[in-house]
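In this note's numbering, the protein residues as written are 1401 to 1654. Just below is one structure, and these are the notes that go with it.
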Amino acid sequence: MSDAGELSGRVALVTGGSAGIGRAICLKLARLGAAVAVMARRESAVVKVVSEIEAEGGKGLAVVCDVTDYAAVTAAVDRVVVELGVPYILVNNAGIDVVRMFVDTDEALWRRLVDVNYIGFLAVTHAVAPKMIEKKSGLMINIGSDAGRVGNPGDVVYCGTKAAMMATSKALAREFARYGIRVNCVAPGPIRDTELLDAFYEGEMGEKMANMVPLRRLGTPEDVADVVGFFASEDARYLTGQILSVDGGLTMIS
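Given below as structure tokens:
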């Protein structure tokens, strides 16, 4: 891999690792030397990311799992421990969004968004935490969203799930600090080249959004992955309970 091997000997588990931001995070951590368990629902996409990691000389493990299935999550985490070791780094990235005005949503959509974005995050964290506690070390990096800070019309429930994740991250940071486990959160702003938002940011809408950002461009998955890499490094050893926006300055003017 091309980056320095600062994470050599470490194991990372990344949920939602098959595309977009998750894929970029997997590649970044692998380039830093970590063995990366790539978790997502689509087997072909997971295998493809693992193949990319291995093609660059890294070590990856394909883990097909739906984070809303707690039994499957616990089995998947146990498999990671057996095949790679206890994760030192957990990145909770799995998430979905449906942009729709609140009055046009229904209970099924609310539950789906909450199940994937929040309950799934809790499930994976709950499965990994005891293993980190036993090791008296670990790092959790949760991928929130600036939407959970400022609120977006047409995205009400998604905003709520991300706000919940970010608040929970702070509570976990306080609870787990005694075990040597750090918990931080990355809050992306408008990011292109992701399955979640590609259609939304196409054409004129993308140009309009880019012009609203002080740095005058949309972010990339790599912009987010590089911040995750920082949180995973020793340079961030005294940081916990932090939420770092990766948004080109957009929240400064929101």
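Glycine included, C-beta positions come from ideal geometry on N, C-alpha and C. Quick caveat, the model's predicted, so the values are computed rather than measured.
Sequence-distant Cβ neighbours of phenylalanine 1502 in its own chain, meaning closer than 6 Å and more than five residues away, are Val1556. The beta carbon of glutamate 1483 sits closer than 7 Å to those of Leu1461, all from its chain and outside the five residues before and after it, given in chain order. The distance from the Cβ of threonine 1640 to that of valine 1583 is about 6 Å, consistent with a contact at the 8 Å cut-off.
Threonine 1415 is bridged by DSSP to Met1439. Taking 8 Å as the cut-off, the beta carbon of methionine 1540 is found closer than this to the beta carbon of isoleucine 1581. If you draw a straight line from the Cα of valine 1646 to the Cα of lysine 1536, it comes to about 30 Å.
Secondary-structure assignment with DSSP links serine 1569 through no beta bridge to anything.
Arginine 1441 and arginine 1637 have their C-alpha atoms roughly 32 Å apart. In the three-state scheme derived from DSSP, where H, G and I count as helix and E and B as strand, alanine 1563 is classed as helix. With contacts defined as CB atoms closer than 8 Å, leucine 1407 and alanine 1571 fail to qualify as a contacting pair.
In the assembly as shown, valine 1499 is an exposed residue. Its beta-carbon has fewer than 16 other beta-carbons within 10 Å.
In this structure, the beta-carbon distance from valine 1528 to leucine 1413 falls below 8 Å. The beta-carbon distance between alanine 1437 and proline 1621, rounded to whole angstroms, is 19 Å. This is too long to meet the 8 Å contact definition.
Under the three-state reduction of DSSP output, serine 1444 falls in the helix class.
Between the C-alpha atoms of valine 1446 and valine 1467 there is a straight-line separation of about 14 Å. Note on geometry: alpha-carbon atoms of serine 1451 and methionine 1532 lie some 27 Å from one another. Counting of Cβ neighbours within 10 angstroms places serine 1444 among the exposed residues, the total staying below 16. Distance from the CA atom of alanine 1435 to the CA atom of aspartate 1504, rounded to whole angstroms, is 43 Å. Around the beta carbon of glycine 1649, fewer than 16 other beta carbons sit within 10 angstroms, so the residue counts as exposed. The beta carbon of valine 1411 lies closer than 6 Å to those of Ala1435, Leu1484, Gly1485, Pro1487 and Tyr1488 in the same chain, with the five residues before and after it left out.
For the set His1526, Asn1493, Tyr1518 and Cys1426, the Cα lying nearest the Cα of valine 1477 is the one of His1526.
Taken through DSSP and simplified to helix, strand or coil, isoleucine 1591 comes out as strand.
When DSSP states are grouped into helix, strand and coil, alanine 1494 belongs to the coil group. The alpha-carbon of glycine 1629 is positioned some 27 Å away from that of leucine 1513. Residue environment analysis places leucine 1427 among the buried positions, since at least 16 neighbouring C-beta atoms fall within 10 angstroms of its C-beta.
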